[in-house]
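Visitor: This is the structure I have questions about; it appears just below.
Numbering (our numbering), first residue to last: 800 to 955.
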């Protein structure tokens, strides 16, 4: 009787594929390798996505503002040419180009104004005046934040 129990036990084991269990571990090494490569790609390409027009921004100690809504980037290069996004605006057609900016609801999108540090103050004010005339009043001036800027002399 003991002999028959052992043989039936062996038969049952042999019928299930010799006791092989499914593999319960997942090899995560390839997954980690792919994620590290993607991280490096994003770290290299992210700075290239924000600056379409090369501009030497002035330094400032101001903190960055939170970017909640859709923003339209307007840039003025060292030669005084105006860009909306990456497209240059033809001289004299800035008011028409500003009218073509889509406005949702009330006042329109937030404007981020990037101007070269060597630019004349009057040129920057002329562009800001056209923005105001077009009804785009939420303007943020972009600088190199976190830099040590020269001290400001007070006067009367």
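Ideal placement from N, C-alpha and C gives every residue a C-beta, glycine not left out. Please read these numbers as outputs of a predicted model, since none were measured by experiment.
What's the gap between the Cα of residue 933 and the Cα of residue 897?
Guide: So the two alpha carbons sit approximately 6 Å from each other.
Visitor: Here's the rule: buried if 16 or more other CB atoms are within 10 angstroms of the residue's CB, otherwise exposed. What is residue 907?
Guide: Its Cβ being crowded by 16 or more others within 10 Å, residue 907 is buried.
Visitor: What distance in whole Å lies between the Cβ atoms of residue 900 and residue 935, which are believed to be in contact at a cut-off of 8 Å?
Guide: Confirmed, about 7 Å.
Visitor: Only counting the same chain, and skipping five residues up and downstream in sequence, which positions put a Cβ closer than 8 Å to that of residue 824?
Guide: If we look at residue 824 and ignore the five residues flanking it on each side, it has no Cβ neighbours.
Visitor: Less than 8 Å between the C-beta atoms of residue 943 and residue 859, yes or no?
Guide: Contact flag set, yes.
Visitor: When burial is assigned at 16 or more other CB atoms within 10 Å of the CB, is residue 820 buried or exposed?
Guide: Exposed, by the Cβ-count rule.
Visitor: Quick one: is residue 930 buried, meaning 16 or more other Cβ sit within 10 Å of its Cβ, or exposed?
Guide: Burial call: buried.
Visitor: Here's a check: name, in chain order, each residue in its chain whose Cβ is nearer than 8 Å to the Cβ of residue 887, leaving out the five neighbours to either side.
Guide: Cβ within range, chain order: 880, 881.
Visitor: With C-beta atoms as the reference, is residue 872 less than 8 Å away from residue 913?
Guide: Contact: yes.
Visitor: So for residue 804, helix, strand or coil by DSSP?
Guide: Per-residue confidence for residue 804 stands at a pLDDT of 48, beneath the threshold of 50, marking its modelled position as unreliable; the derived number appears in the next sentence. Looking at residue 804 - three-state DSSP - the assignment turns out to be helix.
Visitor: May I ask you to list the residues that DSSP assigns as paired with residue 886?
Guide: Residue 886 is bridged to 883.
Visitor: Sort 869, 832, 857 by Cα distance to residue 937 and report the nearest one.
Guide: Of the listed residues, the one whose Cα sits closest to residue 937 is 869.
Visitor: Considering residue 913, what are the terminal residues of the beta strand (DSSP E) in which it resides?
Guide: Taken as a continuous stretch (DSSP letters only), the beta strand (DSSP E) holding residue 913 covers 909-914.
Visitor: Taking the alpha-carbon positions, what's the residue 911 to residue 833 distance?
Guide: Cα to Cα, the separation comes out at about 35 Å.
Visitor: DSSP puts residue 870 in a beta bridge; with which residues?
Guide: For residue 870, which the question treats as bridged, DSSP gives the partners 909.
Visitor: Expressed to the nearest angstrom, what Euclidean distance is found between the alpha-carbon atoms of residue 891 and residue 921?
Guide: Approximately 16 Å, taken between the alpha carbons.
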